[in-house]
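The sequence shown runs 13 to 270 under this note's numbering.
Report on the following structure.
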Amino acid sequence: MDVLGLLADLPGATLVAATAIVLFAGFVKGAVGFAMPMIIISGLGSILPAETALAALILPTLVTNGRQALRGGWQGAWTAVKRYRLFLAALLVFLVGSAQLVGVIPSRALFLVIGVPLVIFAVLQLAGWVLRLDPRHRRRDEMLIGGFAGFMGGMSGIWGPPTVMYLAATDAPKSEAMRVQGVIYGIGSVALLAAHLRSGVLNAQTLPLSLAAIVPALAGMALGYVLHDRMPQATFRRAMLVVLAIAGLNLVRRGLMA
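Set out below in structure tokens:
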């Protein structure tokens, strides 16, 4: 068995481009707390098959989310788990279930299903619209948004946008938003790993590619943290939305041109 899997068959130029994409994705994640899977799936999806791009993001997503969740220590991470337990429960259930649809839904439709909501959400937020949840229905809203996030995540490895939308709706401060995203994405990453070991997306051929992607992801994340620590809250929020809009537009482009 070839221990390099797909890595042995990829041209050098493709490997260099893939490394740059993952490095940039890690940088953005370190700066704003999310968007690494979106950048990887949209970037690698431009040079690799969609399922290969999905497999590549699984392990670096798991590792970087763990690092982000624990940046403030174990106590902070556990507090976030307790506070957002309903969101997490719904996300996990729907993530595992929808992961089995990867081979059923065409890549073109998948890109559009993810990209269009991304663009709409980001543009509305940049235009000044802010979602506010009625405290009387917070439990219901947590489960609905968490379930939607999980449904998207199982099919694509992307569950950031609904999570960011929820954190914005609850007015989570910058430091808490970063920690909560790390916890939510980290737990979801474990489920994503298990789900796609079962679905066959992550296998002997794609595993080496995913392992190799961990190094540039962590390097980029370290650089991103430097920028994040210097950003004021307003700049942080706007950066998140710009990243969402760009990633969404690229996915829409892929969906229309596939």
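For each residue, glycine too, the CB sits at the ideal point set by N, CA and C.
The model shown is predicted, which means the values in this text are computed figures rather than measured ones.
Distances from the alpha-carbon of L253 to those of A43, V213, P23, V15 put A43 closest. DSSP places T31 in the uninterrupted alpha helix (DSSP H) bounded by 24-44. In this structure, the alpha-carbon of S54 lies about 10 Å from that of L261.
Nearest neighbour of A246 by Cα position, chosen from R191, A216, L214, S187, turns out to be S187. Three or more Cβ pairs closer than 8 Å define a contact, and the stretch 18-30 meets that threshold against the stretch 214-231. Of the candidates A30, A121, L179, A30 places its Cα closest to the Cα of A65. Ranking I51, L27, P23 by CA distance to the CA of R266 puts I51 first. The way I'd put it, the stretch 96-111 does touch the stretch 201-220; three or more beta-carbon pairs between them come closer than 8 Å. In the three-state reduction of the DSSP assignment, S187 falls in the helix class. The Cβ neighbour count for T26, taken over all protein chains shown within 10 Å, is under 16; the residue is labelled exposed. Taken atom to atom, the span from the alpha-carbon of F163 to that of L214 is near 19 Å. A distance below 9 Å separates the beta carbons of P72 and A225. Between L124 and V264, the CB-CB gap stays under 9 Å. Distance from the CA atom of T175 to the CA atom of A139, rounded to whole angstroms, is 19 Å.
Taking C-beta atoms as the reference points, G78 and G165 fail to come closer than 9 Å.
Restricting attention to L256, G57, L35, Q80, the CA atom closest to the CA of G172 is found in L256.
With at least 16 other beta carbons inside 10 angstroms of its own, V34 counts as buried. Taken in chain order, the whole beta strand (DSSP E) runs of length 3 or more contained in the stretch 42-124 number zero. Here D146 is exposed. Its C-beta has fewer than 16 other C-beta atoms within 10 Å. Shown here, R144 sits in coil according to DSSP, grouped into three states, outside any helix or strand. By a beta-carbon distance limit of 8 Å, F99 contacts I196. Their separation comes to about 7 Å. Under the criterion of beta carbons closer than 8 Å, L103 and A161 qualify as touching, at roughly 5 Å. Per DSSP, reduced to three states, the secondary structure at Q217 is coil, with no helix or strand assignment.
For G85, the closest alpha carbon among the candidates R191, L235, G200 is that of R191. By the neighbour-count criterion, in which a residue is buried when 16 or more other Cβ atoms sit within 10 angstroms of its Cβ, G24 is exposed. The shortest C-alpha to C-alpha distance from A101 to any of G88, R151, L82, T76 is the one to R151.
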